[in-house]
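Visitor:
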Amino acid sequence: MNNILISAINTIRQSFSHGSYANASDANLEEKINQYLHAAPAINDYVVGLDLYEYDGKKLVVVSYDESANISVGETMMWQMYDETSRIEGVEYRILSTYMVGKLQLDLPEALLSYHR
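The structure is reproduced here in structure tokens:
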């Protein structure tokens with residue numbers, strides 16, 4: 001399931017024109033996810049947490065971002081409204097910001113995986 005989180009990281013980075021971060025088939029994916037969450041905006045796109053859920057029979061990646069960071073207004077709006085669907089190895093998953101989870105009033109179960117800075 002860490003490969004879904006790495007794939008989500010790559011999708012997020014591509015959304016902000018920052019390129020890929022890691023190959024989802026690399027070894028030590030857990031270590032790579034923790035490195036990505038390191039407090040360095042040039043690396044992590046202001047992401048401070050990644051949680052993977054099984055919701056309504058689908059995988060859902062919820063992204064927490066640093067709301068106090070010095071992010072431009074346009075980028076803040078993009079983060080708030082972030083809602084992207086992607087696929088890896090035949091598994092479809094959806095990436096949502098915590099803001100969108102609140103807007104959609106999703107009552108999420110316990111996370112399958114959780115990484116936070």
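Residue numbers (my numbering): 1 to 117. Just so it is clear, CB atoms sit at the ideal spot from N, CA and C, and this is done for glycine as well. Nothing here was measured: the structure is a model prediction, and the numbers come from that model.
Cβ atoms of Val62 and Val101: under 8 Å apart, would you say?
Guide: Yes, the pair counts as a contact, with Cβ atoms nearer than the cut-off.
Visitor: Ignore the nearest five residues each way along the sequence and tell me which others in Ala111's own chain have a CB closer than 7 Å to its CB.
Guide: So the qualifying residues of the chain are Asp51, Leu52 and Tyr53.
Visitor: Taking the alpha carbon of Leu104 as the reference point, which residue from Asn23, Leu113 and Tyr82 has its own alpha carbon closest?
Guide: It is Tyr82.
Visitor: By how many angstroms is the C-alpha of Arg13 removed from the C-alpha of Thr85?
Guide: About 14 Å.
Visitor: Quick check on this structure: which residue in Ile6, Phe16 and Asn2 has the alpha carbon closest to the alpha carbon of Met78?
Guide: Among Ile6, Phe16 and Asn2, the Cα nearest to that of Met78 is on Phe16.
Visitor: When DSSP labels each residue in this structure, what does Gly49 get in the three-state scheme?
Guide: In this structure, Gly49 counts as strand in the three-state DSSP scheme.
Visitor: Compute the Euclidean distance between the alpha carbons of Met1 and Arg87, then round it to the nearest angstrom.
Guide: When rounded, the distance between both Cα atoms is 12 Å.
Visitor: Using a Cβ-Cβ cutoff of less than 8 Å, which residues in the same chain neighbour Pro109 once the five nearest sequence positions on both sides are dropped?
Guide: Excluding residues within five positions, the ones whose Cβ falls inside 8 Å are Tyr53, Glu54 and Tyr55.
Visitor: So, Leu113 versus Leu5, is the Cβ gap smaller than 8 Å?
Guide: Taking 8 Å as the Cβ cut-off, Leu113 and Leu5 qualify as a contacting pair.
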